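Going by our numbering, the first residue of the sequence shown is number 1369, and it counts up by one from there.
Yeah, the Cβ is synthetic: ideal placement off N, Cα and C, and Gly gets one too.
Predicted, not measured: the structure shown is a model, and the values here were computed from it.
One structure is given here, and the rest of the page talks about it.
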Amino acid sequence: FESRYDFGGSFYGLRVGPVHFVATNPYTSAAADSAQISWLREELARVDRSETPYLIALTHAPWRHTSLTHQPAAEVATA
């Protein structure tokens, strides 16, 4: 059995005053050609550091883990 779901809007950007937040989902594909990495590149390119000098990236799960399904070394965002 194989299933794929990219968790829709589970990765997103948000501007709050002088801070731009980017939130990624470690359970969504982070391959070089994945929707999440394509979105992240576009999102970072849109950040105007003169208006939002602070950039904070976060995720909702640890980068280091023992899961055999999501190996950090094989994913662009964590390699």
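Euclidean distance between Cα positions of residue i and residue j
i: residue 1420; j: residue 1380; result: 16 Å
i: residue 1427; j: residue 1396; result: 11 Å
i: residue 1398; j: residue 1392; result: 9 Å
i: residue 1394; j: residue 1422; result: 22 Å
i: residue 1387; j: residue 1403; result: 24 Å
i: residue 1417; j: residue 1382; result: 14 Å
i: residue 1409; j: residue 1424; result: 15 Å
Whole-angstrom C-beta distance between residue j and residue i, which should lie under 8 Å
i: residue 1411; j: residue 1390; result: 6 Å
For residue i, the nearest candidate out of the options (CA to CA)
i: residue 1378; options: 1407, 1387 and 1400; result: 1407
Check: residue i C-beta below 7 Å from any heavy atom of the ligand HEM
i: residue 1396; result: As presented, the structure is devoid of all ligands, the ligand HEM included, so that no description of it is given.
Residue(s) in a DSSP beta bridge with residue i
i: residue 1388; result: 1383 and 1423
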